[in-house]
Amino acid sequence: MLKIQTLSSGSAGNITYIGSDTTNILVDVGLPLSTTLKLMSQANIDPHSITGLVITHEHSDHIKGVTDFVTQYNVPIYCYNRCSKILRKSLKLPPHHFIETENTFSIGDITVNCFPIPHDSQFCLGYTFQHNDSAVGVATDIGQMTEIIVDSLSICQVVVLESNHDIQKLIANPNYPDWLKRRILGNRGHLSNIDCGRTIAKLYQGNVSQVILAHLSEKNNTPTLAYQTVKQYLQTQGIIEGKDIYIDVAFQSQIGNCYCLD
Ligand SMILES: [Zn+2]
Ligand SMILES: [Zn+2]
5 MLKIQTLSSG SAGNITYIGS DTTNILVDVG LPLSTTLKLM SQANIDPHSI
55 TGLVITHEHS DHIKGVTDFV TQYNVPIYCY NRCSKILRKS LKLPPHHFIE
105 TENTFSIGDI TVNCFPIPHD SQFCLGYTFQ HNDSAVGVAT DIGQMTEIIV
155 DSLSICQVVV LESNHDIQKL IANPNYPDWL KRRILGNRGH LSNIDCGRTI
205 AKLYQGNVSQ VILAHLSEKN NTPTLAYQTV KQYLQTQGII EGKDIYIDVA
255 FQSQIGNCYC LD
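Given below as structure tokens:
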């Protein structure tokens, strides 16, 4: 059994839960400890049961609660060796909290693989998690879709994938300065709804049957807009949402649906 559930997703903070019968992992703890614990309790996840954390990158919406969580529950951070220096510096935690890994490693009975994502941070990683014949993946904060991201995610049945903004809505947003628009739209920024749709059409050629749209901008997107843009693009490719593939949307302020693979 392999489970995946977003506890919070968006520019205000990100946490995703991955679990088997005996292993429980959090991908990022990007919210304060008290909020994290509230969300975990809503999802019936005991914080004492967490086996390890993995981190996507050092931006605050992904690490805000890591130091407090790790200190309180004495949970190790499994950290890809090439990223460990910057992560240690950002988190200001003693060295014994870190377990350095290669790009493939095990946490309990889950095999974890990490892969690089282009983004304007010191490092940015996506992850896949495998248990028996099941695999799930998480990839957000994607400036530009790459072959390695698509190839890595294609083995998964369920994928959490960024669908950050609607390009027109972002360009027309009067409250966003030009430099910020350029940053978000640039190839080290974030993935638009339409590029998310294009990616899902590729993932459909692999094993992926369920995608959870994630890291939606609260200002330049809506859950309906993201869903409709992706659904309509897939339709142009002959892929029918609800029949060929299923699309769900993750929330910022509430836990998402839990997907459980046998
Ligand atoms: Zn980021
Ligand atoms: Zn982010």
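For our numbering, add 4 to where a residue sits in the sequence shown, where the first one is 1.
All residues carry an ideal CB built from backbone N, CA and C; glycine is no exception.
Residues of the same chain with a CB within less than 7 Å of the CB of G190, apart from the 5 flanking positions on each side, are G147 in chain order.
Bounds of any beta strand (DSSP E) do not take in K247, whose DSSP letter is neither H nor E. If you keep only unbroken beta strand (DSSP E) runs of at least 3 residues inside the region 84-109, you get 102-105. These are the residues, in chain order, with a beta carbon less than 7 Å from any non-hydrogen atom of ligand 2: S15, N18, H63, D65, H66, T144, D145, H219. Of the other Cβ atoms in all chains shown, 16 or more fall within 10 Å of the Cβ of C118; this residue is therefore buried.
I249 places its beta carbon less than 8 Å from that of I243.
Under the three-state reduction of DSSP output, K206 falls in the helix class. Between the region 37-45 and the region 166-183 there are fewer than three C-beta pairs closer than 8 Å, too few to call the two in contact.
The alpha-carbon of I49 is positioned some 33 Å away from that of A205.
Taking all protein chains shown into account, C264 has fewer than 16 neighbouring C-beta atoms within 10 Å of its C-beta and is therefore exposed. Of the candidates D266, P80, H219, Y237, the residue whose Cα lies closest to the Cα of F102 is P80. Nearest Cα to S196 within the set V215, S158, I54, H219: H219.
In the DSSP assignment, V140 is bridged to F133, V162. Contact between the region 207-218 and the region 176-194 is absent: fewer than three C-beta pairs spanning the two stretches fall below 8 Å. The residue from Q209, E245, N28 with its alpha-carbon nearest to that of D155 is Q209. Taking one beta carbon from each stretch, the region 26-36 and the region 114-133 have 3 or more pairs nearer than 8 Å; the two touch. In its chain, beyond the 5 residues on either side, I67, V70, T71 have a beta carbon closer than 7 Å to the beta carbon of L95. Ranked by how close their Cα comes to the Cα of R202, the residues I59, I153, Q76 have I153 in first place. By the beta-carbon neighbour count (other beta carbons within 10 angstroms, threshold 16), S221 is buried.
Take the alpha-carbon of N107 and the one of G130: they are about 11 Å apart. For S125, same chain residues with a beta-carbon under 8 Å away, outside a window of 5 residues either side, are H61, E62, H63, D145 in chain order.
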